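Take a look at the structure set out below.
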Amino acid sequence: MKVEIMGELRRVPVTLFIFLGVLFWKSYGELKLCYPRNYNFGSFVCVCNSTYCDTVPNIEKLDIGRYVVIVTDKRNFRLSNCTGSFKKSKIEDASPMSINYNKTFQKIIGFGGAFTDATGINVVSLPKKAQEKLLQSYFSPLGIEYNIGRVPIASCDFSTRIYSYDDAVNDTKLMQFDLAEEDLNYKIPLIKKAQKMSKRKVLLFGSPWSAPAWMKTNNNMTGMGMLKGKPGGAYYNAWALYFVKFLEEYKHFNITFWGLTAQNEPVDGLIYKFPFQAMGWTPQLQRDFIIKDLGPLLHSYGYGNLKLMIFDDQRTFLVNWVKTVLNNTLARTFVSGIGVHWYEDIDLTLSFLDKTHELFPNHFILGTEACAASYPWEQPKVALGSWKRAESYSKDIIQDLNHWVTGWTDWNMALDLEGGPNWAKNFVDSAIIVNKTAGEFYKQPMYYIMAHFSKYILPDSVRIEITNIPKFLDVVGFLRPDKATVVVIVNRQDQSVKYTIRDPHLGQIVGNADQHSIQTLIWWNK
Numbered sequence: 001m002k003v004e005i006m007g008e009l010r011r012v013p014v015t016l017f018i019f020l021g022v023l024f025w026k027s028y029g030e031l032k033l034c035y036p037r038n039y040n041f042g043s044f045v046c047v048c049n050s051t052y053c054d055t056v057p058n059i060e061k062l063d064i065g066r067y068v069v070i071v072t073d074k075r076n077f078r079l080s081n082c083t084g085s086f087k088k089s090k091i092e093d094a095s096p097m098s099i100n101y102n103k104t105f106q107k108i109i110g111f112g113g114a115f116t117d118a119t120g121i122n123v124v125s126l127p128k129k130a131q132e133k134l135l136q137s138y139f140s141p142l143g144i145e146y147n148i149g150r151v152p153i154a155s156c157d158f159s160t161r162i163y164s165y166d167d168a169v170n171d172t173k174l175m176q177f178d179l180a181e182e183d184l185n186y187k188i189p190l191i192k193k194a195q196k197m198s199k200r201k202v203l204l205f206g207s208p209w210s211a212p213a214w215m216k217t218n219n220n221m222t223g224m225g226m227l228k229g230k231p232g233g234a235y236y237n238a239w240a241l242y243f244v245k246f247l248e249e250y251k252h253f254n255i256t257f258w259g260l261t262a263q264n265e266p267v268d269g270l271i272y273k274f275p276f277q278a279m280g281w282t283p284q285l286q287r288d289f290i291i292k293d294l295g296p297l298l299h300s301y302g303y304g305n306l307k308l309m310i311f312d313d314q315r316t317f318l319v320n321w322v323k324t325v326l327n328n329t330l331a332r333t334f335v336s337g338i339g340v341h342w343y344e345d346i347d348l349t350l351s352f353l354d355k356t357h358e359l360f361p362n363h364f365i366l367g368t369e370a371c372a373a374s375y376p377w378e379q380p381k382v383a384l385g386s387w388k389r390a391e392s393y394s395k396d397i398i399q400d401l402n403h404w405v406t407g408w409t410d411w412n413m414a415l416d417l418e419g420g421p422n423w424a425k426n427f428v429d430s431a432i433i434v435n436k437t438a439g440e441f442y443k444q445p446m447y448y449i450m451a452h453f454s455k456y457i458l459p460d461s462v463r464i465e466i467t468n469i470p471k472f473l474d475v476v477g478f479l480r481p482d483k484a485t486v487v488v489i490v491n492r493q494d495q496s497v498k499y500t501i502r503d504p505h506l507g508q509i510v511g512n513a514d515q516h517s518i519q520t521l522i523w524w525n526k
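Pasting the structure below:
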């Protein structure tokens, strides 16, 4: 399939785009073009409703010697693609980027987002057909094919209220444990629909924000508080059972989980007057809880193969936390991986990822949460069409992938025009924004950045070495299970950058990364 879209989208009448979308859909079966709208935040959004939504190109295997390049940029394109041929003759570049298939790194788990209450509330606020199109945009072959879904265990700030699954004081056997209406109305229905439309296995992992208030030292699900007692005691036992009950209740709906994080942002609960649900842990307490309570209980209930992740917080505290937990032999047997969030990510902390992998190479590192506009000074909270926020995603994802991270999980998959709902008014931006009044939703540039990774870097792809990367480009490469080579190139500069890629089997690709653009190149050499 070859599709090349020329011109500047913002200058083309909307009616022409609908016509072109229908034309391409008839010609290529699934491909529909972006219906653009500009809100003056640097780029444009793609508008979807009950009758129309753009789709994502599925790339079939090409003849050896051919490649496809998929392009999204600030000014014009959303996942437009064209094909080319490798050059075998003269060397165009004395020092090309070189693919080294003999040096490999981590295996990819995948990419995804979170099934928060806010996501569910916003999705179901749309007309039925628009709901379907939104979920297809994320999970179906028509969309970007997420294969990871994070599920908050009970409430978080992106809920409309504070709730737990058992508010019966001192019910340490959890006889009153019950899922909330949010699980039944928003999380479970969307998860089941996503799984049904996906061709990939959707890996779910649960994350708790807080235990019920009666289990905690401050008798509150918010603020500075920890579990009462000590590991091995009644409250720690009850909290471990809470995880198991959650898994068992979801299993009644034929939903099984791939993994769990032991606590969302465990440092938050050590902060005085922290404004929303949190629970404090030290690395020593998390280690002992896993050894004495959570690990053994999960195994006794048949969840020994579940991927239990520790940390689930910012890079700043990563190395010390992981060393404290995983230097214990028994803890290592219960723990499969390490969750990291993107907040406070700076270049200086990239070495923390490398050090963590060096110390514990058998434990994967997974990006478990990220969102734009999380800081108070980032205004407005929802910036429709922001290219700056999209580039922050691309930079962080490529940095993470080049430093042993096995995947990247966005936060809310859908928010409203305010950046919520969020009971604590902790509004942020999202890859998809819902306008329930108009019955439509807007795909942000962040959505298309995610597409360049989630759609084309398949689960179980292995990162490969690329040398001689030009100074002003962000680049990462993979060998997929189907033997396709995938290279993602991002140019965050104000000028174009020419590049050459050398494949030792095929020759060279001579290309150009336009200013403020992302490209995904795919080819087969076998």
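Oh and the sequence shown: position 159 is 159 in UniProt numbering, straight run, nothing missing.
Glycine included, every Cβ here is placed at the ideal spot set by N, Cα and C.
Treat the numbers as computed from the prediction; the structure is a model and nothing was measured.
In this structure tyrosine 138 touches methionine 413 by the C-beta definition: roughly 6 Å separates them, less than 8 Å. Phenylalanine 44 and leucine 384 have their C-alpha atoms roughly 7 Å apart. Here aspartate 268 carries a helix assignment [DSSP, helix/strand/coil].
Inter-residue distance for isoleucine 144 and leucine 458 is about 11 Å (C-alpha atoms, whole angstroms). Asparagine 220 sits in coil when the DSSP states are folded into three classes, being neither helix nor strand. Under the 8 Å Cβ criterion, the region 473-492 counts as touching the region 448-463, having at least three qualifying pairs. Distance from the CA of serine 496 to the CA of asparagine 402, rounded to the nearest whole angstrom, comes to 23 Å.
Setting aside the 5 residues that flank it on each side, lysine 216 is surrounded in the same chain by Ser210, Gly225, Met226, Leu227, Lys228, Met279, each with a C-beta closer than 8 Å to its C-beta; the list follows chain order. Annotation note: the region 94-126 contains the following uninterrupted beta strand (DSSP E) runs of length 3 or greater, listed N- to C-terminal: 97-107, 110-114.
If you look at glutamine 519, you'll find it in the beta strand (DSSP E) that goes 517-524. Closest in C-alpha terms to aspartate 183, from the list Val335, Ser155, Asp166, comes Ser155.
Proline 275 and alanine 372 do not touch by the CB rule: their CB atoms are close to 19 Å apart, not below 8 Å.
By the C-beta criterion, the region 306-317 is judged to be in contact with the region 266-273, since at least 3 inter-stretch pairs fall below 8 Å. For the options Asn305, Asp117, Ile191, Met175, the alpha carbon positioned closest to that of glutamine 136 is the one of Ile191. Between glutamine 515 and aspartate 494, the C-beta spacing is below 7 Å. Short of 6 Å from the beta carbon of serine 125, and not among the five residues preceding or following it, lie these beta carbons of its own chain, in chain order: Lys436.
Judged by DSSP secondary structure, methionine 309 falls within the beta strand (DSSP E) whose first and last residues are 307-314.
At a Cβ-Cβ threshold of 7 Å, valine 322 and alanine 331 do not count as neighbours. Excluding its 5 nearest sequence neighbours in each direction, lysine 526 has C-beta neighbours in its own chain below 6 Å: Lys483, listed in chain order. If you ignore the 5 residues before and after glutamine 284, its C-beta comes within less than 7 Å of the C-beta of Thr324, all in its own chain and listed in chain order. The C-beta distance from glycine 407 to isoleucine 108 rounds to 6 Å, short enough to fall under 8 Å. Scanning its chain for C-beta atoms nearer than 6 Å, with the 5 sequence neighbours on each side dropped, one finds around valine 487 the residues Gly477, Leu521, in chain order. For glycine 295, the uninterrupted alpha helix (DSSP H) segment begins and ends at 295-300. Excluding its 5 nearest sequence neighbours in each direction, valine 335 has C-beta neighbours in its own chain below 6 Å: Leu308, Ile310, listed in chain order.
Residue pairing of proline 504 in beta bridges, as defined by DSSP: absent, with no partner found. Taken atom to atom, the span from the alpha-carbon of serine 351 to that of leucine 306 is near 28 Å. In the DSSP assignment, arginine 463 falls within the beta strand (DSSP E) that extends over 462-467. The residue from Pro361, Ile188, Asn327 with its alpha-carbon nearest to that of glutamine 106 is Pro361. Taking C-beta atoms as the reference points, phenylalanine 158 and alanine 118 count as a pair closer than 7 Å. Assigned with DSSP and collapsed to three states, histidine 363 falls in coil, not helix or strand. Distance from aspartate 429 to glycine 419 at the Cβ level is roughly 6 Å; contact confirmed, criterion being Cβ atoms closer than 8 Å. Here leucine 134 is near valine 123, since their CB atoms are less than 7 Å apart.
Distance from the CA atom of proline 127 to the CA atom of valine 434, rounded to whole angstroms, is 11 Å.
Taking the CA atoms as reference points, alanine 130 sits about 23 Å from phenylalanine 77. Of all alpha-carbon atoms in Thr356, Phe427, Ile397, the one lying nearest the alpha-carbon of tyrosine 375 is that of Phe427. The continuous beta strand (DSSP E) containing arginine 150 extends over residues 148-153.
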